[in-house]
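K.L.:
Here it is, the structure, as structure tokens.
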Amino acid sequence: MSPAERDESAMGGLDRAAAILGAFDVTHRELTLAALVARSGLPRSTTHRTAGRMLQLGWLDKPRSRYRIGNRLFEIASLAPIRMELREAVLPFLQDLHHATKITAQLGVLEGGQILVVEKITGHRAMPMLSQVGGIIPAYCSALGRAILAYSEPSVIEAVLGAPLAARTPRTLTSPVAIMRELTAVPERGWAIDREEGVIGVSCVAAPIFGPLGDVVAALSVTGPSQLVRADRIGPAVRMAASAASRTYSTRR
1 MSPAERDESA MGGLDRAAAI LGAFDVTHRE LTLAALVARS GLPRSTTHRT
51 AGRMLQLGWL DKPRSRYRIG NRLFEIASLA PIRMELREAV LPFLQDLHHA
101 TKITAQLGVL EGGQILVVEK ITGHRAMPML SQVGGIIPAY CSALGRAILA
151 YSEPSVIEAV LGAPLAARTP RTLTSPVAIM RELTAVPERG WAIDREEGVI
201 GVSCVAAPIF GPLGDVVAAL SVTGPSQLVR ADRIGPAVRM AASAASRTYS
251 TRR
């Protein structure tokens, strides 16, 4: 028995399904069987058998010769509280923010040391370099992440800043001291800033959203070309949108 087969034999059906689902991401939305095998790390026969069952369940779809995430998983995911409650409460304010600024508006939550993009409104100004809904971005160098981290427990901040802080652009802050300086400025200012730290030419302003107990649960932002994202002009609008979203979300809980 090969090492891959030994590892596979110790896995349950859900583990194998999780490995296959984990093979997909925003840059790998459709995969051939060979690509699915390579990215899941499962033997070919196991991948083919498990994927076949997932097709029957609606977890996967297979138009022509490529696998992709099935509609049934989308239906299930839409029932998650983050989608049903947080998104529904914040969406009107995201729409208002986008309408007022004509710049991409985003909603994100902290997942480990990453920001999960929950919602995004782009309008006609396409920003293909930004993460799509369901995508992740580092918390330490994003305005969304900093808006949340500024109000997070010290242990959460320590975990994020204790991990490798890679420079995504020449402007990325990678010093924990410099990042902490940014975090401590957020409460007084009312918003967090990312000045081309994720993508050159793109800046972001974000503000936190709080739950009914006063704990930070998410952040919303506007992101766009640096010449259009002027923090002194956009920051107050982002802060007011986040404050209104916080009140609405808290009363729905």
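Numbering of the sequence shown is given in the UniProt record's numbering, commencing with residue 1 and proceeding in unit increments.
By construction, the Cβ of each residue, glycine as well, lies at the ideal position given by its N, Cα and C atoms.
#1: Where Thr251 and Phe74 are concerned, what is the direct C-alpha to C-alpha distance, given to the nearest angstrom?
#2: Can you tell me whether Phe210 is helix, strand or coil according to DSSP?
#3: Which partner residues of Thr204 appear in the DSSP bridge assignment?
#4: Got a sec, what are the start and stop residues for the alpha helix (DSSP H) residue 259 sits in?
#5: Can you tell me the Cα-Cα spacing of Leu33 and Arg16, whole angstroms?
#6: According to DSSP, what are the bridge partners of Gln106?
#7: State the CB to CB distance for the pair Leu220 and Leu36, rounded to an integer number of angstroms; the pair is presumed to be in contact (CB under 8 angstroms).
#8: With a threshold of 6 angstroms on Cβ separation, who are the neighbours of residue 304 within its own chain once the five nearest residues in sequence on each side are excluded?
#9: Mapping DSSP to helix, strand and coil, what is Leu60?
#10: Select from Cys141, Ser65, Gln95 and Ala241 the residue whose C-alpha is nearest the C-alpha of Ile157.
#11: Using the beta-carbon count (16 or more within 10 Å), is Ala239 buried or exposed?
#12: Select from Val229, Thr47, Ala150 and Arg195 the residue whose C-alpha is nearest the C-alpha of Asp215.
#13: In this structure, how does DSSP classify Asp25 when only helix, strand and coil are distinguished?
#14: For the stretch 177-193 and the stretch 205-214, state whether three or more C-beta atom pairs, one from each stretch, are separated by less than 8 angstroms.
#15: Just to confirm, is the Cβ distance from Arg66 to Glu88 under 7 angstroms?
#16: Within 10 angstroms of its Cβ, does Val118 collect 16 or more other Cβ (buried), or is it exposed?
#17: If we call anything under 7 angstroms between Cβ atoms a contact, is Cys204 one with Thr223?
#18: Considering just the uninterrupted stretch of the alpha helix (DSSP H) at Pro176, what are its terminal residues?
#19: So what's Ile171 in DSSP terms, helix, strand or just coil?
#20: Going by C-alpha to C-alpha distance, which of Asn71, Ala159, Gly201 and Leu86 sits closest to residue 257?
#21: To the nearest angstrom, how far is the alpha carbon of Arg72 from that of Met54?
#22: For the ligand HEM, I want to know if Arg68 counts as a neighbour, meaning its beta carbon is within less than 6 angstroms of at least one of the ligand's heavy atoms.
#23: For a test of the three-state rule: what should DSSP assign to Ala10, helix, strand or coil?
#24: Would you tell me roughly how many angstroms separate the C-alpha atoms of Ala244 and Ser45, rounded to the nearest one?
P.N.:
To lay it out plainly:
#1: 27 angstroms
#2: strand
#3: With the sequence shown as reference, residue 204 is identified as Cys, and Thr is not the correct amino acid for it. Answer is Asp194 and Thr223, bridged to Cys204.
#4: Missing from the structure shown is residue 259; the chain here goes from 1 to 253 and no further.
#5: 15 angstroms
#6: Beta-bridge partners assigned by DSSP to Gln106: Lys120 and Ser221.
#7: Not a contact, Cβ separation roughly 35 angstroms.
#8: Here the chain comprises residues numbered 1 to 253, so residue 304 is not present and cannot be evaluated.
#9: It is a strand residue.
#10: Cys141
#11: Per the sequence presented here, residue 239 reads as Arg, with Ala not at that position. Arg239 should be labelled buried.
#12: Nearest C-alpha to Asp215: Ala150.
#13: If DSSP states are grouped into helix, strand and coil, Asp25 belongs with the strands.
#14: Taking 8 angstroms as the limit for Cβ pairs, the verdict is that the stretch 205-214 does touch the stretch 177-193.
#15: no
#16: Buried, because 16 or more other Cβ atoms sit within 10 Å of the Cβ of Val118.
#17: yes
#18: Pro176 to Arg189
#19: The residue asked about is misnamed: residue 171 is Arg in this sequence, not Ile. Taken through DSSP and simplified to helix, strand or coil, Arg171 comes out as coil.
#20: Past the edges of the chain, shown from 1 to 253, lies residue 257, and the structure says nothing about it.
#21: 10 angstroms
#22: Looking at this structure, you won't find the ligand HEM or any other ligand, since it has none at all.
#23: With a pLDDT of 48 at Ala10, under the threshold of 50, the modelled position of this residue cannot be trusted; read the value that follows with caution. Note: Ala10 maps to coil in three-state DSSP.
#24: 53 angstroms
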